[in-house]
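First to last, the protein sequences are chains G and S. If you count the first sequence from 1, you need to add 23 to reach my numbering. If you count the second sequence from 1, you need to add 733 to reach my numbering. Built from N, CA and C at the ideal position, the CB exists for glycine as well. Quantities reported herein were computed from a predicted structural model and do not represent experimental measurements. Note sheet for the following structure.
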Amino acid sequence: MIELPLLVLLATPLLGGIVLALLGARSWAAEINSLMSGCTFAISVWLAIVVIGSGPQTAFQEQFFIDQFNVFLVALTAFVAFTTSLFSRPYMRIEQHHGKLSTAMLHLYYSMYQLFTFTMLVALTTNNMGIIWVAMEAATLTTVLLVSLYRTPASLEAAWKYFILCGVGIALALFGTILLYFAAQRVLGSGGTALLWTHLNQVKGQLEPTVLKLAFVFLLVGYGTKIGLVPLHSWLPDAHAEGPTPVSAVLSGLLLNVALCAVMRSKVLVDGSLGNHFSGNLMMGFGLLSLVVAALFLSRQKDIKRMFAYSSIEHMGLITFSFGMGGQVATFAALLHMTMHSLTKSAIFFAVGHAVQKTGTQQMDHIRGLIHVSPTVGWGLMLGSLAILGMPPFGVFASEFLIITSAMHDYPWTTPFLLTALGIAFAAIFGRVQPMVYGQTSAKALPHTPALIPVFLHLLLVLILGLYMPPYLANWYRQAAALLS
Amino acid sequence: MQIPLILQFVNLLASILLLVVFAMLAQRRILSLINLFAWQGGILALSTFVVAYSTRQHHLYYSAGLTLVLKVLLLPWLLHRLIRKLQIRQEVETLINIPTTMLVGIGLVIFSFNLAAPIAELAQGITRGLIGIALASVLLSLLMMMTRRKAITQVVAFLSLENSLFFAATSATQGMPLVVEFGIALDVLVATFIFGIFFFQIRETFDSLDISHMEKLKDD
Chain G
24 MIELPLLVLL
34 ATPLLGGIVL
44 ALLGARSWAA
54 EINSLMSGCT
64 FAISVWLAIV
74 VIGSGPQTAF
84 QEQFFIDQFN
94 VFLVALTAFV
104 AFTTSLFSRP
114 YMRIEQHHGK
124 LSTAMLHLYY
134 SMYQLFTFTM
144 LVALTTNNMG
154 IIWVAMEAAT
164 LTTVLLVSLY
174 RTPASLEAAW
184 KYFILCGVGI
194 ALALFGTILL
204 YFAAQRVLGS
214 GGTALLWTHL
224 NQVKGQLEPT
234 VLKLAFVFLL
244 VGYGTKIGLV
254 PLHSWLPDAH
264 AEGPTPVSAV
274 LSGLLLNVAL
284 CAVMRSKVLV
294 DGSLGNHFSG
304 NLMMGFGLLS
314 LVVAALFLSR
324 QKDIKRMFAY
334 SSIEHMGLIT
344 FSFGMGGQVA
354 TFAALLHMTM
364 HSLTKSAIFF
374 AVGHAVQKTG
384 TQQMDHIRGL
394 IHVSPTVGWG
404 LMLGSLAILG
414 MPPFGVFASE
424 FLIITSAMHD
434 YPWTTPFLLT
444 ALGIAFAAIF
454 GRVQPMVYGQ
464 TSAKALPHTP
474 ALIPVFLHLL
484 LVLILGLYMP
494 PYLANWYRQA
504 AALLS
Chain S
734 MQIPLILQFV
744 NLLASILLLV
754 VFAMLAQRRI
764 LSLINLFAWQ
774 GGILALSTFV
784 VAYSTRQHHL
794 YYSAGLTLVL
804 KVLLLPWLLH
814 RLIRKLQIRQ
824 EVETLINIPT
834 TMLVGIGLVI
844 FSFNLAAPIA
854 ELAQGITRGL
864 IGIALASVLL
874 SLLMMMTRRK
884 AITQVVAFLS
894 LENSLFFAAT
904 SATQGMPLVV
914 EFGIALDVLV
924 ATFIFGIFFF
934 QIRETFDSLD
944 ISHMEKLKDD
């Protein structure tokens with residue numbers, strides 16, 4: 024029943040990538056890219072409706088598994104990938120006019136963009152813990168050449184660091200997967216089924232706890248590198264700052280979520296086997312550390328994209344912490360925060376991209392008075408920053424409020440850390456954004472029309488979800504949270 | 734208890750593998766390092782073949798063949814071609830303090846055996862002790878990545894890491910499902926191509942393949 028939408032969902036970006044690669048450098052590649060991403064989003068909605076209606080199910084000889092949790096991420100991924108493709112069409116053209124990108128580079132960008140979407144969707148929908156690994160590695164491979172797209176010394180360095188660090192990290196995750204398979208073989212026998220998550224989930228109580236404990240440490244460290252958890256985060260600010268802005272937006276808004284999804288799949292198995300809070304404690308520890316360290320680093324940043332990259336580390340830390348706490352409410356809050364962070368952060372990167380194009384620098388000291396030059400860019404950046412800082416009535420406020428109240432209830436000692444870190448982050452980001460938006464400037468207006476519909480669309484969604492959560496959506500999140508806790 | 738001959742053979746191969754990783758850790762010449770990497774692949778293919786023969790797992794024959802083609806023939810050939818094109822065949826890398834690196838390496842081996850001990854006890858027959866060796870090779874390859882300053886030797890270290898993981902998979906679990914192994918092999922192949930592209934980009938930009946040029950991005 025879900026075979027058809029699933030097949031089309033995966034085939035669309037794959038086909039898009041191949042077509043865009045084969046067609047060569049055409050002037051309408053950007054339109055094809057948006058069209059393919061739009062189709063992918065429409066199909067993901069179809070898939071979500073089917074799955075919410077009929078519950079979790081497997082497809083293609085159990086190689087794929089869709090439940091309320093991953094279909095939520097599929098829909099979110101497809102949506103942000105679609106809006107980012109809309110944003111990148113004019114953005115990349117302006118970059119080309121500025122002489123920063125050649126036609127050949129754009130050709131690479133569009134085909135890799137589609138293939139990147141494909142790898143993320145495979146990682147989300149597969150039922151095989153081994154294929155999750157393969158797809159995560161492929162996601163690194165498709166984006167690494169995009170990070171070095173500008174061929175500047177700094178971008179090459181960032182891409183090299185990204186490649187090596189994520190390669191090593193993901194290698195550790197493979198060792199974790201091997202250990203998981205080793206434990207599973209003793210229960211399920213060797214062969215194809217012993218890595219299938221649905222099968223593992225049924226027998227998780229019989230899996231050997233000592234092996235699973237070690238496996239989870241490797242999996243968390245491995246995929247944690249991709250999530251950007253401190254102390255494995257050092258690739259993330261570089262890759263976000265030096266790559267093209269649409270790539271920063273999808274890396275930050277989507278790839279980090281996908282890695283977190285892989286960790287959550289492992290966590291469910293390990294919790295079932297160990298029967299204690301081992302995995303939760305590890306995740307809480309890593310999450311809290313990331314939150315605090317990233318908040319402290321925020322105020323020291325000079326580059327605008329680096330600053331928002333650290334803000335991503337901070338928020339991923341908060342989400343990991345919240346998943347680590349476990350329980351219905353905290354998991355619900357973490358899922359909600361994942362949504363809000365993806366939407367808000369990509370909106371911010373869109374606005375930042377145009378601000379940088381206008382002023383020609385990423386140094387925050389040189390960006391001033393956006394509101395005078397281009398009111399929409401200025402307002403987009405201001406509202407996006409307020410939203411990500413958790414100001415009501417935006418949705419981030421609701422999710423952070425839920426996370427903090429459940430932390431107060433279950434782990435009161437963490438509250439001071441959480442509140443201090445969020446406070447420092449607020450001061451750092453607001454203090455930086457305010458002069459950039461309202462300061463005095465002599466810069467001239469942008470000659471091109473910026474593409475700001477995606478920015479305000481995202482912020483509008485975050486605002487609406489902050490004010491009113493439709494029962495259909497709330498129910499969906501509740502079902503997903505129930506599957507994870 | 735008498736250990737079956739075939740198991741002794743696998744154990745022998747495993748120890749040779751560990752020795753090769755140590756040899757790579759201390760190897761200064763780029764050309765020799767690539768040859769050692771090819772040897773590592775050869776041992777891996779042979780041990781996979783032996784495990785396949787003794788456990789009668791047919792799909793392991795395929796992965797032994799895949800290892801032979803990919804890691805003994807294709808990847809070393811690609812690397813040889815690369816260093817010829819980049820004209821760094823004869824280059825020697827200055828490694829600081831090899832004795833200390835070796836001592837740290839021995840420490841890592843002991844650590845891995847300790848870490849793997851509870852798991853090794855669960856393993857039946859063929860796998861005892863091998864998990865420790867596999868984990869040790871993984872950590873030694875990581876150490877190699879940290880001590881190297883040239884882009885190409887870092888990549889060889891990365892591929893050696895991949896080999897060690899593959900060894901862990903065949904020895905501990907009699908091989909991952911075939912679809913996963915093919916996926917991993919594809920990823921490694923694509924990664925090597927991308928590394929190749931990178932070498933040229935890095936050389937063009939920095940006039941050297943020394944990664945010490947690439948330590949500019951820092952938080953002040």
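Beta-carbon gap between residue 422 (chain G) and residue 368 (chain G) smaller than 7 Å: For residue 422 (chain G) and residue 368 (chain G), no; Cβs fall outside 7 Å.
Min CB distance residue 176 (chain G) to chain S below 7 Å: Output row for residue 176 (chain G): interface = yes.
Through-space distance from residue 847 (chain S) to residue 312 (chain G), alpha-carbon basis: About 28 Å.
Length-filtered (3 minimum) beta strand (DSSP E) runs lying within the region 166-227 of chain G: Secondary structure in the region 166-227 of chain G: no beta strand (DSSP E) run of 3 residues or longer lies completely within the stretch.
Residues in the region 233-249 of chain G having any Cβ partner in chain S nearer than 8 Å: Of all residues in the region 233-249 of chain G, only 233, 234 and 237 place a beta-carbon less than 8 Å from a beta-carbon of chain S.
Interface partners of residue 42 (chain G) on chain S, CB under 8 Å: Those within 8 Å of residue 42 (chain G) in chain S number zero; the least Cβ separation is about 19 Å.
The region 104-117 of chain G touching the region 79-86 of chain G, judged by at least three CB pairs closer than 8 Å: Not touching, per the Cβ criterion.
Cross-chain neighbours of residue 187 (chain G) in chain S, by beta carbon under 8 Å: Contact annotation for residue 187 (chain G) against chain S: 878, 887 and 891 [CB-CB distance below 8 Å, chain order].
Backbone CA spacing between residue 379 (chain G) and residue 128 (chain G) [nearest angstrom]: Cα to Cα, the separation comes out at about 20 Å.
CB-CB length for residue 897 (chain S) against residue 867 (chain S), believed under 8 Å: Going by Cβ atoms, the distance from residue 897 (chain S) to residue 867 (chain S) rounds to 6 Å, so yes, they are a contact pair.
Short CB-CB distance (under 7 Å) between residue 940 (chain S) and chain G: At a cut-off of 7 Å between C-beta atoms, residue 940 (chain S) does not count as an interface residue with respect to chain G.
Sheet register partners of residue 424 (chain G) (DSSP bridge): The bridge partners DSSP lists for residue 424 (chain G) come to none.
From G:434, G:111, G:426 and G:412, residue whose alpha carbon lies closest to that of residue 455 (chain G): Considering only alpha carbons, the answer is G:412.
Cα-Cα separation, residue 364 (chain G) to residue 24 (chain G): In a straight line, the C-alpha of residue 364 (chain G) is about 32 Å away from that of residue 24 (chain G).
Residues that residue 87 (chain G) bridges to, as DSSP identifies them: Its beta-bridge partners are G:82 and G:149.
contact_flag[the region 156-172 of chain G, the region 294-310 of chain G] where n(CB pairs < 8 Å) is 3 or more: Counting Cβ pairs under 8 Å, fewer than three are found: no touch.
Between the CA atoms of residue 836 (chain S) and residue 34 (chain G) - distance to the nearest angstrom: Across the structure, residue 34 (chain G) and residue 836 (chain S) are spaced so that their CA atoms are roughly 51 Å apart.
Cβ neighbours of residue 181 (chain G) in the same chain (closer than 6 Å, five flanking residues each side left out): Scanning its chain for C-beta atoms nearer than 6 Å, with the 5 sequence neighbours on each side dropped, one finds around residue 181 (chain G) the residues 170, 261, 262 and 265, in chain order.
Three-way DSSP call (helix, strand, coil) for residue 18 (chain G) in this model: Residue 18 (chain G) falls outside the range modelled here, since chain G spans only 24 to 508, and no answer is possible.
Cross-chain neighbours of residue 826 (chain S) in chain G, by beta carbon under 9 Å: The contact set of residue 826 (chain S) on chain G, defined by CB atoms closer than 9 Å, is empty, because the minimum CB distance reaches about 17 Å.
CB contact below 7 Å: residue 199 (chain G) versus chain S: Between residue 199 (chain G) and chain S, the shortest Cβ-Cβ separation is not below 7 Å.
Chain S within 7 Å of residue 161 (chain G), Cβ atoms only: So yes, residue 161 (chain G) belongs to the interface.
Beta carbon proximity, residue 194 (chain G) to chain S, threshold 7 Å: Yes, residue 194 (chain G) lies at the interface with chain S (some Cβ there is under 7 Å from its Cβ).
Sequence-distant residues of the same chain with beta carbon closer than 7 Å to residue 762 (chain S), five excluded per side: The residues are 825.
Residues bridged to residue 825 (chain S) (per DSSP): For residue 825 (chain S), the pairing in a beta bridge is given by DSSP as S:762.
Meets three-Cβ-pair contact criterion under 8 Å: the region 783-799 of chain S and the region 911-922 of chain S: Yes: the two stretches touch, three or more of their Cβ pairs being nearer than 8 Å.
Status (buried if at least 16 other CB within 10 Å, exposed otherwise) for residue 388 (chain G): Around the Cβ of residue 388 (chain G), a 10 Å sphere holds fewer than 16 other Cβ atoms; the residue is exposed.
Any chain S beta carbon closer than 7 Å to residue 133 (chain G): With 7 Å as the cut-off, residue 133 (chain G) does not count as an interface residue toward chain S.
Residues within the region 915-932 of chain S neighbouring chain G, beta-carbon criterion of under 8 Å: Listed in sequence order: 916, 917, 919, 920, 923, 924, 927, 928, 930 and 931.
Closer than 7 Å to chain S by CB, residue 88 (chain G): Closer than 7 Å: no.
Residue 368 (chain G) (DSSP reduced to helix, strand or coil): In the structure shown, residue 368 (chain G) falls within a helical segment according to DSSP collapsed to helix, strand and coil.
Short CB-CB distance (under 7 Å) between residue 413 (chain G) and chain S: No - not a single Cβ of chain S is within 7 Å of the one on residue 413 (chain G).
Beta-carbon proximity of residue 871 (chain S) to residue 928 (chain S), cut-off 7 Å: If you check the CB distance, residue 871 (chain S) and residue 928 (chain S) do not come in under 7 Å.
Spatial neighbours of residue 124 (chain G) in its chain, beta-carbon cut-off 6 Å, leaving aside the 5 residues before and after: Here the set comprises 118.
Member of G:476, G:245 and G:205 whose CA lies at the smallest distance from the CA of residue 231 (chain G): Checking every option, the nearest Cα to that of residue 231 (chain G) belongs to G:205.
Straight-line Cα distance separating residue 267 (chain G) from residue 173 (chain G): Approximately 8 Å between the Cα atoms of the pair.
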